[in-house]
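Worksheet for the structure shown next.
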Amino acid sequence: MFGKPVAGDRHPERVVMSRSVLRKPTMGIPWPLYLLGQLIKCLYWGGSWGLKCYLRFWWVTMPATVVGYGWWRYGWGLTVSILAAVAAGLAVWWWRHPATFSRWLGWFYIAQWRRWFVFRKPWYPTCANLGLAVAFDGDRYYPSIIKVRRDAEGDLVTVRMLHGQHPNDWAKHAARFAYAFNALSCRVRSVSGRRGRNRIVLHVQVRDSLVTTIAPLPVPAVPDLRRLPVAIQAGSKKVFISLVTHVLIAGASGAGKGSVLWAIVAGLAAGVRDGTIRLYGFDAKGGVELINGEPLFHRLYFGDPESMAGALEDLVKTMKRRQETLRQRRQRTHEATPGDPTIVIVIDEFGAMIAYLTDKKLKERINAALSLILSQGRAVGVHVVAALQDPRKEILPFRNLFTTRIALRLNEESEVGLILDDDAVDRGAACHEIPESLPGVAYMMLEGDQQPVRLRFPYHDDTQLAELGQQYRPAINPPTVLDGQVLDIKPVYEVNR
């Protein structure tokens, strides 16, 4: 029943077991029904694919549907007339308001065209050559482009990374992406929030909107130290910085440090006139920079290290008195009034002031006073805005006490990390590549954003600085002290005579 002996076997007791194969009964399907089923299957998959494509490319399919319906329903004459009217309206919109036309319509269609005809073809070989594609189990996996948007300077390419990749892996290849897509630069930005998981944004810059000189910004009627407008970024957007924290400005010679200093002073000018802000100026290169706006400064020092050290020590005493007053009032922060204003210390050539002095005792006095002001001055309304050329640690030992840092054109790539962040260059802050023809162009980290922002500060010429000083000179003029000598506040041209 289970088997039979094998013929010729020397062991007749061994048998070969035979298995019974159970097969399901098959039912024949008539060929018309089979063809009908295949037709339904093809219609289903074809319809779903067509609907997906229709919705995915809605920016083309929906206008085409409207034009086709109008052609079918009303004929070609009325349809062409409507199309001509719409085209004329779009042309007038582009002519009269090109910025809004680009923002709401033009940039969108340019981004879609660049996605399919610029990025799509070289995307896969570029990712493979840069090691961003992964081979696993005989298959190859590539990062995918989710969407492409457009702004005033280039394309914002949102990419879904592969599992296990980090934004820093892409930031290392930012310069190579720029060359691959024939762009000026490329910056990598991570996407925050739940939807930003495994996503990054490549900002591929194809044009520079900051090549023209920026005119001085309007002076705020009431300066807000937490949100002071000082510069312009791509798309003509204003950039605001906080003076509640100390500000450090670094840049090579001719990079435009004066533009940054005067942009900040101009933003504070209304408070200087009202008496709620008092400026102290220190110019270690002989007063060449700050003397142009002399009427705005309560005290202005230059050239004499002894007077600078004494002034800083007096400011430390003022700071200690305010600490005592706040402690008696049980207050945590200083509130500016005309009788007790906010003090802003503006220092040009910071390195020459703290590191290049030959007198060791004077250097120790200045460094000690500045260390106290930088570490304790924020709460009592004493803030520092300093500019220097050399950001090395031996030149600026208390660099970490400056929370807001602005990096203009620098000589070396290593200097960028000293000012902004260790991986700032990988994230697009190429300060060492800023050309000399663009003074005032800088990178900085905005509050709440770890991505460096490229911006440009406005330029004030000597005439504009003189007008600014005369228009916003303090209403009640205290005497101005120049290196220990008390002078009456006069127009700049009279002081220079």
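The opening residue of the sequence shown carries number 1 in the working numbering; numbering runs sequentially from there. Ideal placement from N, C-alpha and C gives every residue a C-beta, glycine not left out. Treat the numbers as computed from the prediction; the structure is a model and nothing was measured.
- Message: Using DSSP's beta-bridge definition, name the partner residues of Thr507.
- Response: Outside the displayed span of the chain (1 to 497) sits residue 507, for which this structure offers no information.
- Item | Rounded C-alpha distance that separates Asp314 from Glu335 | 20 Å
- Distance, Cα to Cα, Gln38 vs Leu51? 20 Å
- Message: Only counting the same chain, and skipping five residues up and downstream in sequence, which positions put a Cβ closer than 7 Å to that of Arg207?
- Response: Glu153 and Gly154
- Let me know the secondary structure DSSP gives Phe119 once reduced to three states. helix
- Query: In terms of alpha-carbon separation, which member of Ile277, Leu217 and Gln233 lies closest to Trp262?
  - Reply: Leu217
- Selection from Leu248, Leu210, Met62 and Pro32 that minimises the alpha carbon distance to Ala231: Leu210
- Message: In the DSSP output, what is Ala387 paired with across the bridge?
- Response: Ile249
- Task: Can you tell me which of the three DSSP states Ala111 falls into?
- Result: helix
- Just checking, does the region 78-97 make contact with the region 132-144 on the three C-beta pairs under 8 Å criterion? no
- Query: What is the residue span of the beta strand (DSSP E) that Asp190 lies within?
  - Reply: It is worth fixing the name first, because residue 190 is Ser in this sequence and not Asp. Per DSSP, Ser190 belongs to the beta strand (DSSP E) from Ser185 to Ser190.
- Message: My assumption, with CB atoms under 8 Å, is that Leu156 sits in contact with Val201. Please give the rounded CB distance.
- Response: 5 Å
- Message: Residues in the same chain with beta-carbon distance under 7 Å from Ser375, minus the five sequence neighbours each way, listed in chain order, please.
- Response: Leu401
- Message: Taking the straight line between their C-alpha atoms, what separation do you get for Ile40 and Phe177?
- Response: 46 Å
- Task: Reducing DSSP to helix, strand and coil, say where His163 ends up.
- Result: coil
- Within 10 angstroms of its Cβ, does Val66 collect 16 or more other Cβ (buried), or is it exposed? exposed
- Item | Check whether Pro452 and Ala424 have beta carbons under 8 Å apart | yes
- Give a yes or no on contact between the region 353-372 and the region 298-306, applying the rule of three or more CB pairs nearer than 8 Å. yes
- Task: Consult DSSP for Arg321 and reduce its assignment to one of helix, strand or coil.
- Result: helix
- Task: Would you decide whether Ala215 is buried or exposed? Buried here means 16 or more other CB atoms lie within 10 Å of its CB.
- Result: exposed
- Message: Once the 5 residues before and after Arg365 are set aside, which same chain residues still bring their CB inside 6 Å of it?
- Response: Ala309
- Terminal residues of the continuous alpha helix (DSSP H) containing Ala442? Ala442 -> not in any alpha helix (DSSP H); beta strand (DSSP E) instead, spanning Val441 to Met445.
- May I ask you to report which of helix, strand or coil DSSP gives Ile354? helix
- Would DSSP call Lys238 helix, strand or coil? strand
- What residues in its chain sit with their C-beta under 8 Å from that of Lys172, if we drop five residues either side in the sequence? Asp426
- Task: Round the Cβ separation of Thr248 and Leu225 to the nearest angstrom and send it over; I've been treating them as touching at under 8 Å.
- Result: For clarity, residue 248 is Leu in the given sequence; the question names Thr instead. Actually they do not touch by this definition, with Cβ atoms about 17 Å apart.
- Query: What is the DSSP secondary structure of His432, counted as helix, strand or coil?
  - Reply: helix
- Proximity below 8 Å, CB of Ala284 to CB of Leu410: no
- Task: Please go through the region 404-428 and give each complete alpha helix (DSSP H) segment of 4 or more residues, from N-terminal end onward.
- Result: 413-419
- Query: For the 8 Å Cβ check, are there 3 or more pairs between the region 145-152 and the region 100-111?
  - Reply: yes
- Task: Taking 8 Å as the cut-off, decide whether the C-beta atoms of Val316 and Ala379 are in contact.
- Result: no
- Of the choices Met353, Gly377, Pro435 and Ala266, whose alpha-carbon is the least far from that of Gln470? Ala266
- With DSSP as the reference, please indicate the residues paired to Gln233 in a beta bridge. Lys237 and Leu455
- Task: Evaluate Thr213 with the Cβ neighbour count: other Cβ atoms within 10 Å of its Cβ, from every protein chain shown; 16 or more gives buried, anything less gives exposed.
- Result: exposed
- Task: Kindly indicate which three-state DSSP category Arg96 falls into: helix, strand or coil?
- Result: helix
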